[in-house]
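Q: So that we are looking at the same thing, I have put the structure below in structure tokens.
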Ligand code: APR
């Protein structure tokens, strides 16, 4: 295939991302992990599935970044996942080291690649990768908003029985418990969600969305969500490789948008072959603005904590 996507971290999310990508026949895929034999084994297993599903995709597993040479997109999922009782921010110290080295190593072999970061705490890890890799903001995007919005859409679908395809939900803000699910702009086939569901039910859905990651962590006990996060990455990869100019919520570097500077934050962004094409700014009401600034303050706190750990 002409396109190449390398996934750093072949754990639950990385390997499932490879699965979704292979099914869509979007690109050849490289899985890199520090665990010996594991990325090779998963890649070979997936490669052997290709004749069954009829997709001509090459999938390689490796413990070396050399295999990622000339990738169009690098997806970083390497890191520790959350365990029960841990917040995303608890992962900061361990994951900063892992994401830092994944970024610099990947850039040695693919200096022009677009980076998609998934490792938590997401907004801060994307910031770290951008600074360490000296990347322009077009080439580094965090995966979070598609997942958070998808969770909200799923909950609305469960409540209403309407097809997920008719349900449009928008979640702004950091990928943490302070995220801002927008009930005013979210809608079912154009009907505002606020007109469709009673306030108490809406509030329940908003709270469940905010805590959606924790709900899965508590059920799984040994790790965090991976199906929905990896499906979200696949949508971003497809939008970029097919130059779709697709508007989806993602974490992007803010240059004054929403009054925010020098940080990653979740907002609707347009994705195309060059990566981030633009950030869409909603007109927010007062309540949404207050919630957004609360979320931004939480992201800033984690980013400040990172600056004590790493010198840029
Ligand atoms: N280089 C490459 N791979 C690494 C490195 C490294 N330096 N350090 C760790 N890994 C690998 C691990 O060996 C493991 O296979 O990263 C993989 C992570 O996979 P899982 O433990 O299954 O975690 P996963 O559920 O995929 O989550 C990964 O995504 O959603 C976030 O919070 C989550 O930060 C976590 C990340």
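Residue numbers (the numbering used here): 183 to 494.
The beta-carbon is built from N, C-alpha and C at its ideal position, and this holds for glycine as well.
(1) Taking only runs of the beta strand (DSSP E) that begin and end inside the segment 349 to 404, which ones reach a length of at least 3 residues, in chain order?
(2) If you run the structure through DSSP and keep just helix, strand and coil, what is residue 449?
(3) Going along the chain, which unbroken runs of the alpha helix (DSSP H) with 4 or more residues stay wholly within the segment 405 to 441?
(4) Tell me where the alpha helix (DSSP H) around residue 469 begins and ends.
(5) In terms of alpha-carbon separation, which member of 413, 265, 216, 461 lies closest to residue 243?
(6) Taking residue 305 as part of the beta strand (DSSP E), name the residues at either end of that continuous run.
(7) Just grab the DSSP bridge partners of residue 517 for me.
(8) For residue 211, does the three-state DSSP call read helix, strand or coil?
(9) Less than 6 angstroms between the CB of residue 408 and some heavy atom of ligand 2, yes or no?
(10) Per DSSP, residue 454 is paired with what?
(11) Identify the continuous beta strand (DSSP E) that holds residue 279 and give its terminal residues.
(12) Would residue 496 pass as a contact of residue 305 if the rule is Cβ separation under 7 angstroms?
(13) Contact between the segment 251 to 260 and the segment 185 to 193 is defined here as three or more beta-carbon pairs at a separation below 8 angstroms; is this criterion met?
(14) So, do the segment 324 to 333 and the segment 293 to 303 have three or more beta carbon pairs nearer to each other than 8 angstroms?
(15) How big is the Cα-Cα spacing for residue 267 and residue 249?
(16) Run the proximity test for residue 300: is its beta-carbon closer than 6 angstroms to any non-hydrogen atom belonging to ligand 1?
(17) Would you list the residues sitting across from residue 324 in a DSSP beta bridge?
(18) How should residue 394 be labelled, buried or exposed, when 16 other C-beta atoms within 10 angstroms of its C-beta is the threshold for buried?
(19) Name, in chain order, the residues that DSSP records as bridge partners for residue 219.
A: The structure says:
(1) 349 to 354, 362 to 370
(2) If you number the chain shown from 1, residue 449 lands on position 267. Residue state, collapsed to three classes: strand.
(3) 409 to 423
(4) Within the chain shown, residue 469 is the residue found at index 287, counting from 1. 468 to 491 is the span of the alpha helix (DSSP H), which, as asked, contains residue 469.
(5) Numbered from 1 along the chain shown, position 61 holds the residue referred to as residue 243. Minimum Cα distance to residue 243 is reached at 216.
(6) Within the chain shown, the letter at position 123 stands for residue 305. Per DSSP, residue 305 belongs to no beta strand (DSSP E); it is in the alpha helix (DSSP H), 304 to 315.
(7) This structure cannot settle anything about residue 517, because the visible part of the chain is limited to 183 through 494.
(8) Position 29 of the chain shown, counting from 1, holds the residue named residue 211. Of the three classes helix, strand and coil, the one that applies to residue 211 here is strand, per DSSP.
(9) Ligands in the displayed structure: ligand 1; ligand 2 is not one of them.
(10) Stepping through the chain shown from its first residue, residue 454 is reached at position 272. In DSSP, residue 454 forms a bridge with 457.
(11) Residue mapping note: residue 279 aligns to position 97 of the chain shown, counting from 1. Unbroken run through residue 279 is the alpha helix (DSSP H), 274 to 291; no beta strand (DSSP E).
(12) Past the edges of the chain, shown from 183 to 494, lies residue 496, and the structure says nothing about it.
(13) yes
(14) yes
(15) As a first step, residue 267 is located in the chain shown; it is residue number 85 there, counting from the start. As a first step, residue 249 is located in the chain shown; it is residue number 67 there, counting from the start. Distance between the alpha carbons of residue 267 and residue 249 is about 37 angstroms.
(16) Locating residue 300 in the chain shown gives position 118, counting from the first residue. Under cutoff, so the answer is yes.
(17) To locate residue 324, count along the chain shown from 1; it is residue 142. 299, 433, per the DSSP bridge assignment.
(18) For this step, residue 394 is matched to residue 212 along the chain shown. Buried is the call here.
(19) Taking the first residue of the chain shown as 1, we reach residue 219 at position 37. DSSP lists no partner for residue 219.
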